[in-house]
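Per this note's numbering: the sequence shown = residues 609 to 664.
No residue lacks a Cβ here, since even glycine has one placed at the ideal position from N, Cα and C.
A short write-up of the structure that comes next.
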Amino acid sequence: MDYLKRDHAVEAALQFITKHFPHCDGALLAGSVIRGEAIETSDLDIVVFDKNQKTA
């Protein structure tokens, strides 16, 4: 995966987090996208940290 595709994935993750978890304490994008191994059907592995959520 080239850097432009990775940047697109990071932007998509940021938009998702902003929309669904606007008050979270932090988030990580992980998996094949960050490792540079993503393919066309790869998903975004997002870990959200939110002290206000009682369960995972």
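For residue j and residue i, believed in contact at Cβ under 8 Å, the rounded distance
| i | j | result |
| --- | --- | --- |
| I654 | A621 | 5 Å |
| F629 | D658 | 6 Å |
Residue i to residue j span [Cα, whole Å]
| i | j | result |
| --- | --- | --- |
| K627 | N660 | 16 Å |
| E648 | D633 | 30 Å |
| T663 | V656 | 12 Å |
Same chain, Cβ closer than 7 Å to residue i, five either side skipped, listed in chain order
| i | result |
| --- | --- |
| G639 | D653 |
Same chain, Cβ closer than 6 Å to residue i, neighbours up to 5 away in sequence not counted
| i | result |
| --- | --- |
| I625 | A635 |
Cβ shell of residue i (< 8 Å), same chain only, five flanking positions each side left out
| i | result |
| --- | --- |
| H631 | D658 and N660 |
My parser needs the alpha helix (DSSP H) runs of 4 or more residues fully inside the segment 618-645; what are they? 640-643
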